[in-house]
Amino acid sequence: MSVSGTNEIAALYPPPPPYIKYFTDENLAKLEAHRKSGDASEVGGGELEFLVPPPVPAEGHYRAFGSVWHVKDELPDLSSMGMTQLYQGSADGTASSYQSKIQELHKLLRSLLLNFLELTGILSINPERFAEKVEHIQTILVNIHHLLNEYRPHQSRESLIMLLEAQLEHKRSEIQHIEQVCNDVRAKLRRLVDGDSPRNEGSSSEPKPEDHVQKETDTLT
1 MSVSGTNEIA ALYPPPPPYI KYFTDENLAK LEAHRKSGDA SEVGGGELEF LVPPPVPAEG
61 HYRAFGSVWH VKDELPDLSS MGMTQLYQGS ADGTASSYQS KIQELHKLLR SLLLNFLELT
121 GILSINPERF AEKVEHIQTI LVNIHHLLNE YRPHQSRESL IMLLEAQLEH KRSEIQHIEQ
181 VCNDVRAKLR RLVDGDSPRN EGSSSEPKPE DHVQKETDTL T
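Each step along the sequence shown adds one to the number in full-length UniProt numbering, with nothing skipped, and position 127 is 127.
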């Protein structure tokens, strides 16, 4: 069976960085000696400089795997992206701001439903005017998606709280089960000990072999 097309590789796995050749046993021993002497931060130039990892960036951006990543991942405003923002934004992350986002989301959903009904009416009366209404619907959908993305931090925090509460409840139930099993074992051991005590007391009242010998001796005499 012949294959009509060939699979083209878009990007190969990136090759190792060129400074990997400096990670030799000799250089690692030198770096360890620097660390023991307390001057690991002052390695200076040369090959040992490539063995020390760079500091974590505190601001700005950094490059990893050929892509640029921002240290603070912030969601840009719709106005900065050239889109019309239909809801009132709030910069703070308080509970009231998230409640207002929910209210704004409900408003956008009602507006979306109304515009869809208007679009069906336009298509039945004057189909040539559908483009403007479709643009309105597109703007509403973009605002809904952007508003949902703004709600993601609050959603992630609430999901984490629910996960931790579930783990805490599971650990508490395990502790209660372990305590119950321990109490059952203690009760069974206590019953075993209490059950052996009367037997020991009853066996102590039986005559010993020495008593029989002494009794026969007294009879012969």
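We treat Cβ as the ideally placed atom computed from N, Cα and C, and that holds for glycine. As the structure is a prediction and not an experimental result, all values here were calculated from the model.
- Straight across, the Cα-Cα distance linking Ser80 with Glu118 is about 29 Å.
- If you check the CB distance, Leu31 and Leu51 come in under 8 Å.
- Val134 and His146 have their alpha carbons spaced roughly 18 Å apart.
- Rounded to the nearest angstrom, the gap between the Cα atoms of Arg172 and Val56 is 39 Å.
- Residue pairing by DSSP leaves Val185 without any beta bridge partner.
- Counting only the Cα atoms, Leu123 lies some 11 Å from Phe116.
- By the C-beta criterion, the region 139-156 is judged to be in contact with the region 95-108, since at least 3 inter-stretch pairs fall below 8 Å.
- The C-alpha of Val71 is placed about 21 Å away from the C-alpha of Gln155.
- Residue pairing by DSSP puts Val68 in a beta bridge opposite Arg63.
- For Asn27, the enclosing alpha helix (DSSP H) has its first and last residue at 25-37.
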